[in-house]
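**Student:**
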Ligand code: GLA
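Numbering (this note's numbering), first residue to last: 793 to 1172.
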């Protein structure tokens, strides 16, 4: 799982020298609080054991030279002047450099080798891991202090403004701020977070449907717009400010689609806060039930699930070891997350994977993962 030695070997092979440091930044799985970050609401993700590793050597000039072991490609740019070229993994790093420079950080060049194991396009935030690892590399070689919240905003800016994907702040915040053994209850408006310990006696199992998110960007942007329409209706800037009482008192005046979208967001906030409370009380039964309710709301009201996700979640829920399951991430394919009794986890993985394969002819990937620390320097 830890690719730190492999990325050092890759660095040596490519540059014929030793790196100065190794940094890494994790992907994430969101336990609950889906499609609420851009509404200023509450999310409860955790950083996972899969991450992006970078072996890095300081350069005395302004050149950034990179080799991506995942793509088998090299790229480079000069910090004194660079521009967006075309969709490419290096643009995420250029976007980070640009956002850092805009914030007044003086950057130093570096040579880097990159190796990751967050599956791409599966909803586990491989891009946030890449952005935060790059930010960490720049911070280490340039010597500016690491402020996790600022670096999460830098990662988001790279993605929104440079790469052109309109994501919220959740993925970058958890990749920057994660803590081992904990999920992170994040208020996406104030960006204040609390680490909440994972319940004992359970495992977090990620199940990849092996379906990928077609048209996810346009559907995502459409959902964001529908949420904004609902906020305008209620006269608030962010839907987070509409209480369930206020919503249910006026929902009949909303067009059907807007009503459903808003209902998801407003009830999801309540569920997420309740889930964090349940975790604090080590009450995994309640946590599991809330995860399932979140899935139903995403499936029926927010309409961002797909057949594969629904099949997988239903099969997971039908397993006796399962306390709760839901789609996770933006949706339209990608992964589900399940809360499973520890003693049943091995059987759960085997049996649910087999049942899913039989039902869909698709082979699901299964990742059992603990919660890890956020972006960090590993050695050197
Ligand atoms: C994607 C985005 C996040 C968030 C989720 C849905 O992962 O990057 O900001 O909106 O979808 O919860």
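Don't be surprised by glycine CBs; every beta carbon is placed ideally from N, CA and C.
1. Check whether the Cβ atoms of residue 997 and residue 1138 lie closer than 8 Å to each other.
2. According to DSSP, residue 844 sits in a beta bridge with which residue or residues?
3. Under the three-state reduction of DSSP, which class applies to residue 796: helix, strand or coil?
4. DSSP three-state label for residue 940, please.
5. Can you give the Cα-Cα distance for residue 1062 and residue 1119, rounded to whole angstroms?
6. Is any non-hydrogen atom of the ligand GLA found closer than 7 Å to the C-beta of residue 1056, if you look at the structure I gave you?
7. DSSP state of residue 1127, grouped into three classes?
8. For the putative contact between residue 1107 and residue 1144, defined by C-beta atoms under 8 Å, what is the C-beta separation to the nearest angstrom?
9. Taking 7 Å as the limit between beta carbons, can you name the residues of its chain near residue 800, skipping five residues before and five after?
10. Report the three-state DSSP secondary structure of residue 833 (helix, strand or coil).
11. So is the beta-carbon of residue 830 under 7 Å away from any non-hydrogen atom of the ligand GLA?
12. Could you give the first and the last residue of the continuous beta strand (DSSP E) run that contains residue 1116?
13. Less than 6 Å between C-beta atoms, sequence neighbours within five positions excluded: which residues of the same chain meet that for residue 1013?
14. For a minimum of 4 consecutive residues, which ranges assigned as the alpha helix (DSSP H) are wholly contained in the segment 1079-1107?
15. Following a CB-centred definition, is residue 826 positioned closer than 7 Å to any heavy atom of the ligand GLA?
16. Would you mind giving the Cβ-Cβ distance between residue 922 and residue 964, rounded to the nearest angstrom? I have them listed as a contact below 8 Å.
17. Taking Cβ positions, are residue 881 and residue 860 nearer each other than 8 Å?
18. Is residue 822 near the ligand HEM, judged by its Cβ being under 7 Å from some heavy atom?
19. Using DSSP with H/G/I as helix, E/B as strand and the rest coil, what is residue 876?
20. Between the alpha carbons of residue 1110 and residue 1080, how many angstroms are there, rounded?
21. Can you name the start and end residues of the beta strand (DSSP E) that residue 979 belongs to?
22. Just to confirm, is the Cβ distance from residue 819 to residue 917 under 8 Å?
23. Is there contact here, the segment 1147-1162 with the segment 1029-1038, by at least three beta-carbon pairs under 8 Å?
24. Between the segment 904-915 and the segment 835-843, do three or more beta carbon pairs fall short of 8 Å?
25. Note the first and the last residue of the continuous beta strand (DSSP E) segment covering residue 984.
26. Residue 1088 to residue 803, Cα distance in whole Å?
27. If you count every other CB in all the chains shown that lies within 10 Å of the CB of residue 886, and 16 or more means buried, which is it?
28. When the Cα of residue 1112 is compared with those of 1077, 1097, 1165, which residue comes out closest?
29. Does the Cβ of residue 969 lie closer than 7 Å to at least one heavy atom of the ligand GLA?
30. Which partner residues of residue 855 appear in the DSSP bridge assignment?
31. Using beta-carbon positions only, say whether residue 1071 and residue 966 come within less than 8 Å of one another.
32. At a threshold of 7 Å, does residue 963 count as lining the ligand GLA (C-beta to nearest heavy atom)?
33. Indicate, with yes or no, if the ligand GLA has a heavy atom lying under 7 Å from the CB of residue 1076.
34. Determine the DSSP secondary structure at residue 1064, reduced to helix, strand or coil.
**Tutor:** Quick answer:
1. No, they are not a contact pair.
2. Residue 844 is bridged by DSSP to 817, 908.
3. In the displayed model, residue 796 falls within a helix according to three-state DSSP.
4. The answer is helix: DSSP assigns residue 940 an H, G or I state.
5. Their backbone Cα atoms lie some 18 Å apart in a straight line.
6. No.
7. Three-state DSSP puts residue 1127 in a strand.
8. Confirmed, Cβ separation roughly 5 Å.
9. Short of 7 Å from the beta carbon of residue 800, and not among the five residues preceding or following it, lie these beta carbons of its own chain, in chain order: 811, 814, 847.
10. The answer is coil: DSSP assigns residue 833 none of H, G, I, E or B.
11. At least one heavy atom of the ligand GLA is nearer than 7 Å to the Cβ of residue 830, so yes.
12. Here the beta strand (DSSP E) through residue 1116 covers 1114-1119.
13. Within the same chain, residue 1013 has close Cβ partners 958.
14. Correct list: empty.
15. Flag set: Cβ of residue 826 near the ligand GLA.
16. Incorrect: roughly 11 Å between the Cβ atoms, too far for contact.
17. Between residue 881 and residue 860, the C-beta gap is smaller than 8 Å, which places the two residues in contact.
18. The model on display carries the ligand GLA but not the ligand HEM.
19. Assigned with DSSP and collapsed to three states, residue 876 falls in coil, not helix or strand.
20. Just so you know, the alpha carbons of residue 1110 and residue 1080 end up roughly 13 Å apart.
21. First-last of the beta strand (DSSP E) with residue 979: 974-979.
22. Contact: yes.
23. Under the three-pair Cβ rule at 8 Å, the segment 1147-1162 does not count as touching the segment 1029-1038.
24. Enough Cβ pairs lie closer than 8 Å, so yes.
25. 984-989 is the span of the beta strand (DSSP E), which, as asked, contains residue 984.
26. So the alpha carbons of these two residues sit roughly 46 Å apart.
27. Taking every protein chain shown into account, the CB of residue 886 has 16 or more other CB atoms within 10 angstroms, so this residue is buried.
28. Here the closest residue by C-alpha is 1077.
29. Outside the cutoff, so no.
30. For residue 855, DSSP records a beta bridge to 870.
31. It is not a contact, given that the beta carbons lie outside the stated cut-off.
32. For residue 963, the shortest C-beta to heavy atom distance toward the ligand GLA is below 7 Å.
33. Incorrect: residue 1076 has no Cβ contact closer than 7 Å to the ligand GLA.
34. The DSSP-derived three-state label of residue 1064 is helix.
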